[in-house]
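Worksheet: one structure, shown below.
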Amino acid sequence: MLWRIEPVHGYSNLTVAAPDFALSVVCMVKGRPEHAVVICPFSDDEYLASRGRGAQLNGKRIRVPKHYTIDGARIAMGLPESALRSRLLPDHLTLTQQLAPRVELMRASGSGLLDMAELASGRVDAAFVLGLEDQDLHVGSLLLKESGALMGAPDGQPSVSASQPLMAAGPRMYKALVKQLKPHF
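Numbering follows the UniProt record's numbering, with no gaps: position 185 of the sequence shown is 185.
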């Protein structure tokens, strides 16, 4: 068993006193995340997830939304981190070009983990994270799985790694996104 703590997600927000930052703790057992906590100090939001036991926001069970079409969807997707921008910016632009004409909203919190948490709690219909850190991947994937999300790459490949874009949504929305995006990735 290994506990990992990340004191700041959304560092650039914290440096200017913007509220979208968080800290996280994850318990790893045999290399897999078993328990995760995300605390957002300014909003007082506390996300919890345990493998096989679901996910919660402030003590209430959360599920991804049942939105099933790209039209009118709310999407969370930020710019890639500065160090990864030259490599991942083409993916960001492709996603924006394919989705922006059809969605209602594209928002960026400044933290990939918070974008995943927003999806897990139903505040957005899909999330894209370009450039994951290991802690984001461990905590975020547990939150997403336990809230009913599917996740993978925009081309539909189910494997997720820190080096590729992550796409996540409820099952029907995920299938619609793969259908729209697969030809472009």
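Where is the CB? At the ideal position from N, CA and C, for every residue including glycine.
No experiment lies behind these values; they were computed from the predicted model shown.
How far does the beta strand (DSSP E) with residue i in it reach, from first residue to last?
| i | result |
| --- | --- |
| Glu146 | It is not in any beta strand (DSSP E) - Glu146 instead sits in the alpha helix (DSSP H) that spans 134-146. |
| Ser50 | 45-50 |
| Met77 | 74-77 |
| Ala56 | In the sequence as displayed, the identity of residue 56 is Gln instead of Ala. 54-57 is the span of the beta strand (DSSP E), which, as asked, contains Gln56. |
For residue i, which option in the options has the closest C-alpha, if you only look at C-alpha atoms?
| i | options | result |
| --- | --- | --- |
| Cys40 | Gly72, Pro158, Glu6 | Glu6 |
| residue 193 | Ser163, Leu119, Leu177, Gly140 | Nothing about residue 193 can be read from this structure; the chain reaches only from 1 to 185. |
| Ala169 | Thr96, Arg74, Ser161, Thr94 | Arg74 |
| Ser163 | Val29, Val37, Ala83 | Ala83 |
| Lys30 | His138, Gly10, Leu143 | His138 |
| Arg85 | Arg4, Val16, Val129 | Val129 |
Would you say residue i faces chain D, with C-beta separation under 8 angstroms as the test?
| i | result |
| --- | --- |
| Pro183 | The structure shown has no chain D; it contains just one protein chain. |
For residue i, count the other beta carbons within 10 Å of its own beta carbon; 16 or more makes it buried, fewer makes it exposed. Which is it?
| i | result |
| --- | --- |
| Ser121 | buried |
| Leu2 | exposed |
| Leu93 | exposed |
| Lys145 | buried |
Apart from the five residues just before and just after residue i, which ones in its own chain have a Cβ nearer than 8 angstroms to its Cβ?
| i | result |
| --- | --- |
| Gln98 | Gln180, Leu181, His184 |
Compute the beta-carbon to beta-carbon distance between residue i and residue j, rounded to the nearest angstrom, for a pair I have assumed lies under 8 angstroms.
| i | j | result |
| --- | --- | --- |
| Gly78 | Gly110 | 6 angstroms |
| Pro154 | Pro165 | 6 angstroms |
| Pro80 | Gly131 | 4 angstroms |
| Tyr47 | Arg172 | Actually they are not in contact, since the Cβ atoms of Tyr47 and Arg172 sit about 23 angstroms apart, beyond 8 angstroms. |
I'd like the list of long-range same chain contacts for residue i, defined as Cβ closer than 6 angstroms, with 5 residues on each side in sequence excluded.
| i | result |
| --- | --- |
| Glu34 | Cys27, Arg51 |
| Ala76 | Arg107, Asp115, Glu118, Val124, Ala127 |
| Asn13 | Asp20, Phe21, Gly110 |
Determine the extent of the alpha helix (DSSP H) in which residue i is found, giving its start and end residues.
| i | result |
| --- | --- |
| Leu130 | Element bounds for Leu130: n/a, residue is neither H nor E. |
| Arg4 | Element bounds for Arg4: not the alpha helix (DSSP H) but the beta strand (DSSP E), 2-9. |
| Arg87 | 85-99 |
| Pro33 | Note, Pro33: premise wrong, no alpha helix (DSSP H); beta strand (DSSP E) at 32-40. |
Using C-beta distances below 7 angstroms, list every residue in its chain close to residue i, excluding the 5 sequence neighbours before and after it, in chain order.
| i | result |
| --- | --- |
| Asp71 | Arg102 |
| Ile62 | Ala55, Gln56, Ala120, Ser121, Gly122, Ser147 |
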